[in-house]
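*Asks:* Counting from 1, position 92 in the sequence shown corresponds to residue 97 in this note's numbering; the numbering is continuous, with no gaps.
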Amino acid sequence: KLMAELKRAIGSNTLDLHYQPLVDTYNGQFIGAEALIRWPHVEYGLIMPDEFIHIAEKTGVIQALSLWVIRTAVQPLKAWVNINPDFLLSVNVSALNLQDNKFISALHILFEDDLKLANNMILEVTESQMMTDTQHAMKNLWDLSELGFHIAIDDFGTGYSNLAYLTKLPASELKIDKAFILNLENEPQNQVLVATAIQLAHNLGLKVVAEGVESEDTRILLGKLSCDFCQGFHFSRALPLQAFNGLYADNRA
Ligand code: C2E
Ligand code: CA
Ligand code: CA
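(1) Suppose the cutoff is 6 Å on Cβ atoms and the five residues either side in sequence are ignored; what does the same chain contact list for Trp85 look like?
(2) Quick one: complete beta strand (DSSP E) runs, 3+ long, within the segment 183-243?
(3) Going by the DSSP bridge assignment, what does Ser95 pair with across the sheet?
(4) Would you mind stating whether Glu132 and Phe108 have Cβ atoms separated by less than 8 Å?
(5) Looking at the structure shown, is Tyr1 part of a helix, part of a strand, or coil, going by DSSP?
(6) Among all residues, which have a Cβ less than 6 Å from at least one non-hydrogen atom of ligand 2, and in what chain order do they fall?
(7) Around the C-beta of Thr223, are 16 or more other C-beta atoms found within 10 angstroms, so that it is buried, or is it exposed?
(8) Measuring straight from C-alpha to C-alpha, what distance separates Ser17 and Trp73?
(9) Just to confirm, is the Cβ distance from Phe249 to Ala38 under 8 Å?
(10) What span of residues does the beta strand (DSSP E) with Ala157 cover, start to end?
(11) Could you tell me if Ile114 is buried or exposed, where buried requires 16 or more neighbouring beta carbons within 10 angstroms of its beta carbon?
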């Protein structure tokens with residue numbers, strides 16, 4: 006029932022996208038944002054993605070959902086790129102999207118008249134998803150990377166990590182999962198893991214984002230560990246478009 010409603014919500018454009026800033030660890034400037042989906046439901050209130058993404062994946066609704074996210078994000082992205090040509094907007098894609106040639110061709114069509122804009126978009130994929138998957142998803146990911154999209158490995162360090170994937174995916178960015186970052190200053194063992202992950206990523210030529218940065222102490226520590234970018238409640242929660250734009254204007258000022 007919920008999935009039938011989700012399909013209708015996509016069709017009638019009643020889902021919401023919120024945006025959380027990606028921040029330069031050293032100077033605090035917003036370098037971009039991550040788009041995070043929200044579902045305002047008449048009966049149940051605001052439904053968070055952790056509650057419906059996995060069902061959307063099981064039922065195939067994820068194809069329409071991911072396209073909705075990218076279509077919706079393109080308009081604000083164009084405005085941000087006008088302000089800053091290097092602005093990066095991250096969107097989450099499922100490995101199931103990458104297996105679907107219709108999804109890939111829809112992306113081609115969507116960016117056809119503005120191919121340069123792909124350079125301002127990061128597609129976030131999780132390593133565990135890519136591992137359970139096939140050559141086919143991998144080939145499509147390389148195809149998108151050649152089109153200009155940046156690729157980020159999301160939730161790094163959780164699930165069944167396979168280091169080999171770091172070199173097999175066309176990734177330019179590694180996102181360390183918030184499980185390792187929350188309360189980092191009081192977790193010496195996580196500090197060792199995070200420092201090592203950052204070094205590893207840098208040695209492979211990847212930029213590093215820490216998610217779940219909730220305090221200034223964590224930001225300072227991540228700066229000492231040479232982490233390039235931060236994301237977390239310390240800077241802002243994910244916000245509706247207008248609120249994000251207000252915060253972005255303050256940040257530039
Ligand atoms: P994610 O990709 O790891 O996204 C980061 C999640 O961490 C977001 O939760 C964000 O609100 C939360 N977060 C950010 N900073 C902090 C912090 O400082 N502290 C804490 N405790 N949490 C923080 P959200 O928005 O509930 O999304 C949950 C997950 O749902 C996402 O995890 C992502 O896997 C998935 N998701 C969200 N939007 C989409 C989408 O459009 N498509 C797909 N396929 N998945 C999505
Ligand atoms: Ca993500
Ligand atoms: Ca995560």
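By construction, the Cβ of each residue, glycine as well, lies at the ideal position given by its N, Cα and C atoms.
*Replies:* Reading from the atomic positions:
(1) As a first step, residue 85 is located in the sequence shown; it is residue number 80 there, counting from the start. Answer for Trp85: Phe92, listed in chain order.
(2) 212-216 and 234-236
(3) Taking the first residue of the sequence shown as 1, we reach residue 95 at position 90. Glu39 and Ile127, per the DSSP bridge assignment.
(4) Taking the sequence shown and counting its residues from 1, one reaches residue 132 at position 127. Taking the sequence shown and counting its residues from 1, one reaches residue 108 at position 103. Their beta carbons are not under 8 Å apart, which means Glu132 does not touch Phe108 by this criterion.
(5) With the chain running from 6 to 258 in the structure shown, residue 1 is simply not present.
(6) Glu39, Asn97, Glu129 and Asp159
(7) For the purposes of this step, residue 223 is taken as residue 218 along the sequence shown, with counting starting at 1. Classification for Thr223: buried.
(8) Translated into the one-based positions of the sequence shown, residue 17 becomes position 12. Translated into the one-based positions of the sequence shown, residue 73 becomes position 68. Roughly 11 Å between the two C-alpha positions.
(9) Along the sequence shown, read from residue 1 onward, the residue named residue 249 stands at position 244. Along the sequence shown, read from residue 1 onward, the residue named residue 38 stands at position 33. Yes, Cβ-Cβ distance for Phe249 and Ala38 is below 8 Å.
(10) Here the question's residue 157 lines up with position 152 in the sequence shown. Looking at the DSSP string, the run of the beta strand (DSSP E) that includes Ala157 is His155 to Phe161.
(11) Here residue 114 refers to the residue found at position 109 when the sequence shown is read from its first residue. When all chains shown are included, Ile114 counts as exposed.
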